[in-house]
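Undergrad: Got a structure here, written out as structure tokens. Questions coming.
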Amino acid sequence: MRIIDLSSPVDAAGFEPDPVVHDVLGPKEAATHMSEEMRDHFGIDFDPAVLPEGEFLSLDRLQLTTHTGTHIDAPSHYGTRASYRDGPPRHIDEMPLDWFFRPAVVLDLSDQGTGAVGADVLERELDRIGHTLSPMDIVLLRTGADAWSGTQKYFTDFTGLDGSAVHLLLDRGVRVIGTDAFSLDAPFGDIIRRYRETGDRSVLWPAHMIGRDREYCQIERLAGLGQLPVSRGFRLACFPVRIAGAGAGWARAVALLDEDE
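According to the working numbering, the sequence shown is numbered sequentially starting from 1441.
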């Protein structure tokens, strides 16, 4: 089996609207830290100097949102409404794992430019690659935006979906939609411009707002979809980190292909 990584990294060196803070305790600092923690919490005195070179195990501390790097949005991210079920929308730790290990298909939107595309564009791409969607297929959108990952442009220039496109996929049984862009919706600036021009509230983040009435998940900030040698006929594994009560969770998304692909 061939494994292809489709994940973007969590990197404090790259541009983020919510900056990532990554602090590292090196092995020597960590030895002192461990000794202090053992004393303060467990009443155990231990001299770190007896360790090899006085070193213990390095420790990383991160401050970031669950929407940094490749991640999966849970239904609770979209708001408090869950008209499709009794009770509130589910958090990321409540989602069924079998949603995230499924046959996948890549739709190429890299020629579409900044803005939102509709169902007609997805229909044409499905026809071009000769694929009929099956229930629970994972649909991945290759916009090419991952080329700008780590820069400000990554957050302002990419292709998203409009409401008709999302409904098309959900109507065909898709429950997980992924994109290599910052968001499944169009960029903030494009959305606000169109709303001011038209006064049409339906252009305001439709991909996310639909999730208030139809349960599904988004994988955002994928990378490397262009590395895949095929558009279909592979499986995607993208299990979210189990963060209790969270609206999203980081994921390591990988494509699994047979050796002859």
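For glycine and all other residues, C-beta sits at the position ideal for the given N, C-alpha and C.
Just curious, the beta strand (DSSP E) that Phe1628 is in, first and last residue?
TA: As a working note, residue 1628 is residue 188 in the sequence shown. Segment 1628-1638 is the alpha helix (DSSP H) holding Phe1628; no beta strand (DSSP E) there.
Undergrad: Return the chain-ordered list of same chain residues with a C-beta closer than 6 Å to the C-beta of Gly1685, the five sequence neighbours on each side being excluded.
TA: Taking the first residue of the sequence shown as position 1, residue 1685 is located at position 245. His1531.
Undergrad: Return the CA-CA distance between Ile1512 and Trp1645, expressed in angstroms with no decimal places.
TA: By 1-based counting over the sequence shown, the position of residue 1512 is 72. By 1-based counting over the sequence shown, the position of residue 1645 is 205. Spanning the two alpha carbons is a distance of roughly 17 Å.
Undergrad: Quick check: what's the CA-CA separation for Arg1615 versus Gly1689?
TA: Along the sequence shown, read from residue 1 onward, the residue named residue 1615 stands at position 175. Along the sequence shown, read from residue 1 onward, the residue named residue 1689 stands at position 249. Near 16 Å, if we compare the C-alpha coordinates of Gly1689 and Arg1615.
Undergrad: Which runs of the beta strand (DSSP E) spanning at least 3 residues fall entirely within the region 1494-1519, listed in chain order?
TA: Entirely contained in the region 1494-1519, the beta strand (DSSP E) runs reaching 3 residues are, in chain order, 1499-1503, 1511-1513.
Undergrad: Mind listing, in chain order, the continuous alpha helix (DSSP H) runs of no fewer than 4 residues lying wholly within the region 1543-1575?
TA: Listed in chain order, the complete alpha helix (DSSP H) runs (minimum 4 residues) inside the region 1543-1575 are 1559-1569.
Undergrad: Near Arg1654, which residues of its chain fall below 7 Å by C-beta distance, leaving aside the five closest residues on each side in sequence?
TA: The count along the sequence shown starts at 1 and reaches residue 1654 at position 214. Taken in chain order, the residues that qualify are Tyr1524, Leu1610.
Undergrad: Do you know whose CA, among Ala1585, Thr1591, Asp1640, Ala1587, lies nearest Asp1602's CA?
TA: Walking along the sequence shown from the start, residue 1602 turns up at place 162. For the residues Ala1585, Thr1591, Asp1640, Ala1587, the minimum Cα distance to Asp1602 belongs to Asp1640.
Undergrad: Skipping 5 residues on each side, what residues in its chain have a beta carbon closer than 8 Å to that of Pro1449?
TA: Here residue 1449 refers to the residue found at position 9 when the sequence shown is read from its first residue. Excluding residues within five positions, the ones whose Cβ falls inside 8 Å are Gly1509.
Undergrad: Provide the residue(s) that pair with Asp1445 in DSSP beta bridges, ordered along the chain.
TA: Taking the sequence shown and counting its residues from 1, one reaches residue 1445 at position 5. Answer by DSSP bridge pairing, in chain order: Val1694.
Undergrad: Can you check the region 1584-1666 for any beta strand (DSSP E) of at least 3 residues that lies completely inside it and give the ranges in chain order?
TA: Entirely contained in the region 1584-1666, the beta strand (DSSP E) runs reaching 3 residues are, in chain order, 1599-1601, 1616-1619, 1657-1660.
Undergrad: For His1507, is the classification buried or exposed, using 16 other Cβ atoms within 10 angstroms of its Cβ as the cut-off for buried?
TA: Here residue 1507 refers to the residue found at position 67 when the sequence shown is read from its first residue. Buried, because 16 or more other Cβ atoms sit within 10 Å of the Cβ of His1507.
Undergrad: Does DSSP put Ala1680 in a helix, a strand or coil?
TA: The residue labelled residue 1680 in the question sits at position 240 within the sequence shown. Strictly speaking, residue 1680 in this sequence is Pro, with Ala absent from that position. Strand.
Undergrad: Determine the extent of the beta strand (DSSP E) in which His1737 is found, giving its start and end residues.
TA: Coverage of the chain is limited to positions 1441 through 1701, which leaves residue 1737 absent and any answer about it impossible.
Undergrad: What would DSSP say about Val1490, mapped onto helix, strand or coil?
TA: Counting from one through the sequence shown, the residue named residue 1490 turns up at place 50. Three-state DSSP puts Val1490 in a helix.
Undergrad: Is it right to say Gln1658 is buried, meaning 16 or more other beta carbons lie within 10 angstroms of its own, or is it exposed?
TA: Position 218 of the sequence shown, counted from the start, is the residue given in the question as residue 1658. Gln1658 comes out buried.
Undergrad: Could you say which of Arg1582, Phe1540, Gly1553 lies nearest to Met1576 if we only look at CA atoms?
TA: Stepping through the sequence shown from its first residue, residue 1576 is reached at position 136. That would be Phe1540, whose Cα lies nearest to the Cα of Met1576.
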